[in-house]
Amino acid sequence: MITVDPIHPLVAGSEALYSLEHYRLVRRRLAPGGIAAQWLPLYQMGAEDARTIVRTFFEVFTDTQIWLNGQDAILVGGAGETLRPAAELRAELARPEIAASLARVGLLTLGTFLSGYAVGPLDVATYVEGARASRDDRPVLEFSLPWQADEDTVDRNLLEISRFGRHPPAIDLDGLSAGERRQIEDANSAVALSQIGLALRLVHHEDAMQSLFEQALALDPDEVTARRVLGR
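Each residue of the sequence shown is one higher than the last, beginning at 2 in my numbering.
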């Protein structure tokens with residue numbers, strides 16, 4: 002596995018770590034069956050800039066998945082188009098070192114973790130259609146991102162990416178208890194409520210927004226967007 006967690010591409014010179022040539026190098030270095038993960042900040046990031054980064058990654062990893070957590074996204078390439086069985090994921094997430102790492106970003110349950118899966122490969126292809134790619138000899142982000150430095154872009158980017166998640170992944174739930182299955186369902190419902198809450202927030206419907214975020218937290222107390230907006 003190769004993880005790419007560089008500084009924000011807004012910083013001069015860092016776009017080289019988001020370029021097509023860099024991702025091709027990453028793919029060449031991966032062992033057979035290896036996975037690449039790319040951090041995508043949603044703050045100080047225009048919608049077209051985010052599409053550029055995802056399109057560039059997708060050009061190399063055509064099975065790209067987009068996962069969301071708070072103000073950040075993670076692009077995953079090489080993992081295929083389906084998720085591992087939930088019982089296998091539960092066992093992996095229970096490993097002490099993994100559980101401790103995920104706890105630091107608020108991912109305390111299997112349901113909350115799985116609800117972060119936002120867009121699968123089929124829908125990523127639609128999301129990036131028509132977007133520019135970043136290349137070493139054409140660093141487009143270096144010229145567009147400075148215009149976003151003082152903008153509040155997180156909510157708009159979350160909504161823009163989420164609206165392309167039209168084909169949720171099929172996941173094998175065999176081996177899970179009824180309570181665990183309900184937890185996954187509730188976590189997904191909480192994310193859906195928070196997406197509506199974000200849309201209301203952007204048009205300043207504060208009371209309705211707060212109600213939806215409260216409903217989201219009632220279903221999943223760890224729903225990260227509701228916690229962020231309500232300061233919980």
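For every residue, glycine included, the Cβ atom is placed at its ideal position computed from N, Cα and C.
Asked	Found
In chain order, what residues of the same chain lie with their CB nearer than 7 Å to the CB of ASP173, ignoring the 5 residues before and after it?	PRO86 and ALA87
Using the three-state DSSP reduction, which class does ASP73 fall into: helix, strand or coil?	strand
With which residues is TYR118 paired in a DSSP beta bridge?	TRP68
With DSSP run on the structure shown, which of helix, strand or coil describes LEU123?	helix
Could you give the uninterrupted runs of the alpha helix (DSSP H) lying entirely in the stretch 152-228, keeping only those of 4 residues or more?	155-163, 179-203 and 207-220
So what's PRO86 in DSSP terms, helix, strand or just coil?	coil
Consult DSSP for PRO33 and reduce its assignment to one of helix, strand or coil.	coil
Using DSSP with H/G/I as helix, E/B as strand and the rest coil, what is GLY112?	helix
Closer than 8 Å is the cut-off here; do at least three beta carbon pairs connect the stretch 190-200 with the stretch 213-220?	yes
Taking the alpha carbon of GLY112 as the point to measure from, which residue in GLY131, GLU49, VAL5 and ALA188 has its own alpha carbon closest?	ALA188
If you compare alpha carbons, which of LEU218, ARG167, LEU160 and GLN184 is closest to ALA48?	LEU160
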